[in-house]
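Going down the list, the sequences are from chains A and L. Residue numbers in the first sequence follow this note's numbering, run continuously in steps of one, and reach 297 at the last position. Residue numbers in the second sequence follow this note's numbering, run continuously in steps of one, and reach 1306 at the last position. Glycine included, every Cβ here is placed at the ideal spot set by N, Cα and C. Here's the structure we're looking at; comments come further down.
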Amino acid sequence: MDRPPGFWPLALLFGLFVLFLYGPTLTILILSFQGPEGGLTFPMRGFSTHWYGKLWEGLGVVDIWAAFRRSVRLGLVVMVLTTLFALSAGYAFRRRFRGQGALFQLTIASLIVPSIVVSLGIALEFRLIDDGVKALGEAYGIAWITEDYATAMGLFTSGLGAHLTWTLPFGLLIMFAVFNRFPGNLEEAARDLGASPRQVFQHVVLPVIAPSLIGVALFGFTLSWDEVARSSQALGDLNTLPLELQGLTTTVTTPDIYALGTLTTGVSVLVIGLAFGAIQLWRRRDRRLAGREAPTR
Amino acid sequence: MSSSPPEAGALPAVTSAAVAQAPLWQAAPLTLVLLGFFVFPLLATAVVSFWDYTEYALIPDFTFRNYHEMFQGCADFSAGGCTTLRTYLSTFRLCVMVWAITLVLGVAVAYFLAFCVRSDMLRMTLFLLCTAPFLTSNIIRMVSWVPLLGREGAINRGLMQIGLVAEPLEWLLFSEFAVVLAFVHLYTLFVTVPVFNSMLRIDPRLLEAARDAGAGFWRTLWHVVLPLAKPGMVIGSIFVIVLVMGDFVTVGVMGGQQIASVGKIIQVQMSYLQFPAAAAQAMVLLGLVLLLIIALTRIVDIRREL
């Protein structure tokens, strides 16, 4: 068969690249089932779920399951907000509005400014807010502030904001790609038939772009679930799972960290699988509806 | 990078004032999030970088103390320069190595996907295979190297078994090598994706024409494919450079907390609550990264003009 020039060397390189991408992850997947006597490296000393059991009991001083639950909660909130905000903004960008260019550049900037700078900035912002609130509390003798107020920083204030500065640019770029290919004549037809803007959106636009929205949601959750750099300074006292994991890399010397790693990757894979499943279901539904309506037209 | 926002499938003009205002409202949530968690934080950083501080308090001021301390002794090369300069040089070195490797590897992978795979279905499947790891944890992907690269790891065992080395290699893990390897592992896809996107837009007939005109693989690559893939290469380069320049996580985990980086300085200063000093570092880093980005976008625009 006639192959394009450079096919075989590139195919070999590609194969090695995929091995390079997945090999290490598969290694810790295997090693997480290390026997109770086994260590951090090969050989396998037996095969057991011992380290998953250990993980279930928690890893020493770190309350890993609390961090797990926090990460899930934050990931879900980030997912919902990313989808809503990116959809809404993507829809806005289809028409001209004031400050359009500035908003676009700001979104891109939010993607490419180093995460440590954003994280530090958010930490500083909240530090200034805290200082301001405390000064106010003392000036006016507001009891709950002077006695109880510690900080406005937290998972769903500064943490949520930090994650959104990372997920929203991806969401908006996906929405651009989606609306670039959107068949505008569908909307025109709906409007000609007397649909209001809301009806056009609800009955024409939304069903067409739904699979892409699932993609945005997928990005929103997984990017938040794994986020480290932007959260690092912006979370306050309670860490998310990846941040706890980062701390554990220097202290844990047994395979339970592989069990945790495999579990974390498992959650990402599960979410990716759910998203693809949902997209497939939606497409099938579309085809079914199209098939049912076709003969009557 | 394009500076004007794409206007996708523009709608016909609508007259009602309420409807005309609609895009502003629709863009409001995004605008507010970026103002609250991106613009104001950067402004706060800029302002605080000129503040004074003690061990427990920030003191509003307008002083160059933080910048001054950062560059103290930088002109004195007999003492090996200052920490700041050395750190920037070492970060820059990392950056150049990672950039070169990810660019070559990313372009090769994208080329294979775009031009060597014939079925669209297979192309998309392989593309997803390359990009899916982006959606999994960077930390885990770093930890995954430990059983392979460690002193007792698979690679050292293998090398010793075949008698290539007598002692385990120490530089495989917690070293600059490990850091570069992890960066390549994590960030090659930031080059692959935009380059792949650029390459998909190249008309395959151009390649055929080049071949018919007698150009071999390398000449076609150099004179046809790469110039047309340049926008993707620039976008990929920007991603890689920014991610490496500001990194402190990979350098920390894979370098065994031994290797200096600009991001790490900021993180350490934060942990000692030296906010104004960290803010000054962040401002310098931000300025440098922006200059690099501007330089990169210039290169491409100038060449396109020629």
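Query, Result
"Return helix, strand or coil for L:Ile1162, following the three-state DSSP convention.", "coil"
"With 7 Å set as the bound, which would you pick, yes or no: does the beta-carbon of L:Val1033 sit closer than that to a beta-carbon of chain A?", "yes"
"Could you tell me which residues DSSP puts in a beta bridge with L:Ile1241?", "For L:Ile1241, which the question treats as bridged, DSSP gives no partner whatsoever."
"If A:Ala86 sits next to A:Leu206, beta carbons under 8 Å apart, how far is it from one beta carbon to the other, in whole angstroms?", "With 8 Å as the limit, A:Ala86 and A:Leu206 do not qualify as a contact, their Cβ atoms being about 14 Å apart."
"Report yes if the C-beta distance between A:Ile211 and A:Asp226 is below 7 Å; otherwise report no.", "Correcting the residue identity first, residue 211 of chain A is Pro in this sequence and not Ile. For A:Pro211 and A:Asp226, no; Cβs fall outside 7 Å."
"Would you mind working out which of L:Met1199, L:Arg1141 and L:Thr1188 sits nearest L:Leu1103, comparing C-alpha positions?", "L:Thr1188"
"Helix, strand or coil: which one does DSSP assign to A:Tyr149?", "coil"
"To the nearest angstrom, how far is the alpha carbon of A:Pro43 from that of A:Gly23?", "16 Å"
"Give a yes or no on whether the minimum CB-CB distance between L:Ala1154 and chain A is below 7 Å.", "yes"
"Report the three-state DSSP secondary structure of A:Asp286 (helix, strand or coil).", "helix"
"Whose Cβ in chain L lies nearer than 7 Å to the Cβ of A:Phe85?", "Pro1029, Leu1030 and Val1033"
"Only counting the same chain, and skipping five residues up and downstream in sequence, which positions put a Cβ closer than 6 Å to that of A:Glu37?", "Arg45"
"Hey, out of A:Glu57, A:Gly35, A:Ser48 and A:Ala109, whose CA is closest to L:Leu1035's CA?", "A:Ala109"
"Kindly give me the distance between the Cβ atoms of L:Ala1260 and L:Gln1269, rounded to whole angstroms, as I take these residues to be in contact under 8 Å.", "Their Cβ separation, rounded to whole angstroms, is 13 Å, which puts L:Ala1260 and L:Gln1269 out of contact at 8 Å."
"Would you mind working out which of L:Phe1040, L:Leu1290 and L:Gln1274 sits nearest L:Leu1243, comparing C-alpha positions?", "L:Leu1290"
"A:Gly6 by DSSP, collapsed to three states: which one?", "coil"
"Should L:Pro1204 be labelled buried (16 or more other beta-carbon atoms within 10 Å of its own) or exposed?", "exposed"
"Please list, in chain order, all residues of the same chain as L:Ala1110 whose beta carbon is under 7 Å from its beta carbon, the five residues on each side excluded.", "Thr1192, Val1195, Phe1196 and Met1199"
"Check whether the Cβ of A:Leu164 lies closer than 7 Å to any Cβ atom in chain L.", "yes"
"If I measure Cβ to Cβ from L:Ala1280 and keep anything under 7 Å in the same chain, skipping five residues before and after, which residues do I get?", "Ser1049, Asn1066, Tyr1067 and Met1070"
"Applying the 10 Å Cβ sphere with the 16-neighbour rule, what's the burial state of A:Ala162?", "buried"
"Assuming the contact rule is C-beta atoms closer than 8 Å, L:Val1179 and L:Thr1250 should be a hit. Round their C-beta distance to whole Å, please.", "6 Å"
"DSSP beta-bridge partners for A:Gln34?", "A:Phe47"
"Go through its chain and collect everything with a Cβ distance to A:Ala83's Cβ below 8 Å, but skip five positions before and after it.", "Residue identity differs from the one stated: residue 83 of chain A is Thr in this sequence, not Ala. Counting only Cβ-Cβ distances below 8 Å, and skipping sequence neighbours, we find Gly171, Leu213, Val216, Ala217 and Gly220."
"Are the C-beta of L:Arg1136 and some C-beta of chain A separated by less than 7 Å?", "Residue identity check: residue 1136 of chain L is Thr in the sequence provided, not Arg. So, interface residue."
"Residues of chain A with CB closer than 8 Å to the CB of L:Arg1141, please, in chain order.", "Pro24 and Thr25"
"Kindly indicate if chain A contains any beta-carbon less than 7 Å away from that of L:Pro1023.", "yes"
"Can you name the residues of chain A whose CB is closer than 7 Å to the CB of L:Phe1217?", "Pro5 and Gly6"
"For A:Val117, I'd like the list of residues in its chain whose CB is within less than 7 Å of its CB, leaving aside the five on either flank, ordered along the chain.", "none"
"Excluding sequence positions up to five away, which residues of its chain have a Cβ less than 7 Å from the Cβ of L:Met1283?", "Thr1045, Ala1046 and Ser1049"
"Residues of chain L with a CB under 7 Å from the CB of A:Glu125: which are they?", "Phe1040, Pro1041 and Ala1044"
"Would A:Pro242 pass as an interface residue toward chain L - the criterion being a Cβ-Cβ separation below 7 Å?", "yes"
"Who are A:Val62's beta bridge partners in DSSP?", "A:Leu59"
"Going along chain L in order, which residues have a C-beta closer than 9 Å to the C-beta of A:Val324?", "Residue 324 of chain A is absent from the structure shown; chain A starts at 1 and stops at 297."
"Would a check of beta-carbon distances place A:Ala217 closer than 7 Å to chain L?", "no"
"Provide the residue(s) that pair with L:Leu1030 in DSSP beta bridges, ordered along the chain.", "Per DSSP, none; premise fails for L:Leu1030."
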